[in-house]
Amino acid sequence: MTEIEAWPGRPAPLGARYDGAGTNFSLFSEVAEGVELCLFDEDGPETRRVALEEVDAFCWHVYLPTVSPGQRYGYRVHGEWAPERGLRCNPAKLLLDPYATAIEGDVDWAQACFSYRFEDENARNDEDSAAHIPKSVVHNPYFDWGNDRPPEVPRHESIIYETHVKGFTKLHPELPETLRGTYAALAHPVATEYLSSLGVTAVELLPVHQFVHDAHLVERGSRNYWGYNSIGFFAPHNGYSSSGQLGQQVQEFKQMVKSLHEVDIEVILDVVYNHTAEGDHLGPTLSFKGIDNAAYYRLVPEEPKFYFDTTGTGNSLNVRHPHTLQLIMDSLRYWVTEMHVDGFRFDLAATLARQFHEVDRLAAFFELIQQDPVVSRVKLIAEPWDVGEGGYQVGNFPPLWSEWNGRYRDTVRDFWRGEPATVGEFASRLTGSSDLYRADTRSPSASINFVTAHDGFTLADLVSYNEKHNEANGEGNADGESHNRSWNCGAEGPTADAQVNARRRRQQRNFLATLLLSQGIPMLLGGDELGRTQQGNNNAYCQDNAVSWFNWANVDDDLLAFTRMLIRLRREHPAFRRRRWFLGRPIRGSLDLRWFRPDGGEMNDEDWETPFARAIGTFVNGQAMAERDARGHQITDDSFALLFNAGEDRIDWQLPPGLAATWEEVCRTAPPEDETGAGDPAGLVVVPGRSLLVLRKAG
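Just so we're aligned: the sequence shown equals residues 322 to 1020 in this note's numbering.
The structure is reproduced here in structure tokens:
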């Protein structure tokens, strides 16, 4: 190996930072007895090795004046190997830099990737892993952001579109084939103009941090399509780059963000800081395990050979350790300041709140977020549960946060399914879930409302399948949500029966209209507006193929037009996206919200407790909004009546006395041939079975 000039360098910042003349390297390890930096040619083996002799506050560092962007590198950490005491140093294993901003290559899952022998897990494996794992890459941080600015969409005006970088663009016929499935494709005008015309304000991207394709998936010819298996919290996943993996992925990601910002669409990242791809004690040694195992992971106190797991993936990050907390906070700040993203959705966020065993809403991680001048200002969304004891924490996150509202999903599904005893809770979910979020000064925007998400059925499949069909996953159809219960939509799966298909179309519209006209922040699963199907697969995590990719050649144009209309209705009328809660008391002489039965009478306590109620109406008084805009101007709007009929039979609905004026129909989920009678001077309105009608009061 050739000699290389080395200077002492600096302990901060951690990672590899190119300054235009050379690169500073810094790695944290409290247990290391020695650290070596290994340099690799573009496609070749290790060519140079530099011992890091400078150590400050457990940060091992060096400056190499001849190293420039594109340089591939990794670390070897010397120290004690004693798994029974939680120590797993092994210099035979090349390690990824936890702060690497670009990563090249994949894991090939040779035995050398593991620190033990397959035939004996207690026997140390000293095979060199360098040829079998990805390499960290020095990247050029300079990028012309031009006039880029964050859209800064107010939370209550947000409409989130959950999608996948690859799946959204892979089959799009109007995109260049060389770009499909990449960051560059999502930056293309074909993609940005579609999202803009749809009317959404943000894309929430499934994980784009560098992730690993699990060994068991690779063995059966599958891939980790969703990406919830992170190994690099600063590096955009190299598999989504059209231009290369030696830092080009960073530039391409930045251009994607810039292009989306140009059409006023925010970028929210689904981030996985709760675990890594290194798994449990039988998992590979790729980075954190070999650098400082006990600092980065929660170990079982009585048996530190094993990992404390509240994620169901084999390990959990140790957010009690200051350097692990620093890693997460540095990563978040990096994506905001350097990559210009606008927010984060935290996977299994309850795990981050655990300091010992229980979930504590005032855990150190949330305190750091609260006081951070960068991260506290972007959109923060929690998946408020994990698989550990006490892990379901819907409604319990701090005031800065919004939460995926799992109770909204379940209640809205049950209502349109015709389940008993859901009317009262349905009304609460429709108006922002004040029972969950109002007590601690939060607003309706604390609720991320959704009916479908990546993890489960698509909307088209939700109304078409009573049972999951995950056979292609290779797990005997034992994975995913157990069943879907009856939707009373007729035969399961694809059918040519016109009546069955009509019922399904109506249910799709019921869900979309309910979602987009509810208070809170709606999240639309990408492709639901197109009628996208996964053929009944409700856990397509490993389906990196046409099962998961958007089929742009088979679009339900009518459903797409209906979705666009609903989004436009929401964006044009602040009555559907209030900043504050309904007060339920007179404002300027009238109530801001009223609930009524089909006979026109006001809902009373007995009505709310009726277990088999299938219909409910609400009058939203846009003239009685106790809200002001940012400049202090009073907000008023049109008034709307929303009539919900989840029963099988039509309802001759009588609008309440005083509301029987001239009404304009603005949205219906039943076909046009089902006459509604909107505009009847007597206030009588016909609402077909299993449908929703929205009326706007004229004058």
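Even glycine gets a Cβ: it sits at the ideal position worked out from N, Cα and C. Computed from a predicted structure; not experimentally measured.
Count the other C-beta atoms from every protein chain shown that fall within 10 angstroms of the C-beta of residue i, then say buried if there are 16 or more, exposed otherwise.
| i | result |
| --- | --- |
| N443 | exposed |
| G922 | exposed |
| L673 | buried |
| S543 | buried |
| N614 | buried |
| V621 | exposed |
| P412 | buried |
| L757 | buried |
| L603 | exposed |
| R898 | buried |
| G857 | buried |
| H537 | exposed |
| Q647 | exposed |
| L1026 | Only positions 322 to 1020 of the chain appear in the structure, and residue 1026 is not among them; the question remains open. |
| E850 | buried |
| S803 | exposed |
| P497 | exposed |
| Y463 | exposed |
| L904 | exposed |
| P895 | buried |
Between residue i and residue j, what straight-line distance do the alpha-carbon atoms span, to the nearest angstrom?
| i | j | result |
| --- | --- | --- |
| A823 | T816 | 11 Å |
| Y628 | S479 | 39 Å |
| L1014 | V529 | 40 Å |
| P977 | K1018 | 13 Å |
| L751 | V592 | 28 Å |
| V821 | A812 | 7 Å |
| N787 | F778 | 11 Å |
| N875 | A353 | 56 Å |
| T344 | L567 | 15 Å |
| Q955 | G426 | 56 Å |
| E473 | V662 | 11 Å |
| L780 | L845 | 10 Å |
| T368 | N794 | 41 Å |
| I589 | V578 | 10 Å |
| D818 | R825 | 11 Å |
| D585 | G520 | 10 Å |
| V696 | Y655 | 10 Å |
Could you spell out where the beta strand (DSSP E) holding residue i opens and where it closes?
| i | result |
| --- | --- |
| E660 | Looking at the sequence shown, residue 660 is not Glu but Met. Where M660 is concerned, there is no enclosing beta strand (DSSP E), given that its DSSP letter is neither H nor E. |
| N345 | 344–349 |
| W381 | 380–385 |
| K456 | 456–458 |
| G395 | 393–399 |
| S450 | That residue, S450, is in no beta strand (DSSP E); it is neither H nor E in DSSP. |
| F361 | 355–361 |
| K487 | No beta strand (DSSP E) holds K487; the alpha helix (DSSP H) holding it covers 486–490. |
| I325 | First-last for I325: undefined, no H or E at that position. |
| S755 | Taken as a continuous stretch (DSSP letters only), S755 belongs to no beta strand (DSSP E), being part of the alpha helix (DSSP H) at 755–758. |
| D429 | Counting along the chain, D429 falls outside any beta strand (DSSP E), and DSSP gives it neither H nor E. |
| A372 | 367–372 |
Pick helix, strand or coil for residue i, following the three-state DSSP scheme.
| i | result |
| --- | --- |
| F435 | coil |
| C863 | helix |
| V511 | helix |
| I702 | strand |
| E502 | The question names Glu, but residue 502 in the sequence shown is Gly. Correct three-state label for G502: coil. |
| L603 | coil |
| F903 | coil |
| F667 | strand |
| D877 | coil |
| A444 | strand |
| P404 | helix |
| W547 | coil |
| N791 | coil |
| F871 | coil |
| P843 | strand |
Need the endpoints of the alpha helix (DSSP H) that residue i sits in, please.
| i | result |
| --- | --- |
| S749 | 744–751 |
| G336 | Careful: G336 lies outside any alpha helix (DSSP H), inside the beta strand (DSSP E) at 336–339. |
| Y729 | 727–738 |
### Contiguous alpha helix (DSSP H) assignments of at least 4 residues, all confined to the stretch 916–986
Here the runs fully enclosed are 926–930.
### Query
At which residue ranges does the stretch 553–600 contain complete alpha helix (DSSP H) runs of 4 or more residues, listed in the order of the chain?
The stretch 553–600 contains these whole alpha helix (DSSP H) runs: 569–583.
#### Entry: beta strand (DSSP E) runs wholly inside the stretch 460–484, at least 3 long, in chain order
Every beta strand (DSSP E) of 3 residues or more that sits fully in the stretch 460–484 is shown, in chain order, as 481–484.
### Task
Would you mind listing the beta strand (DSSP E) stretches within the stretch 513–539 that are 3+ residues and don't spill past its ends, in chain order?
Listed in chain order, they are 523–526, 530–532.
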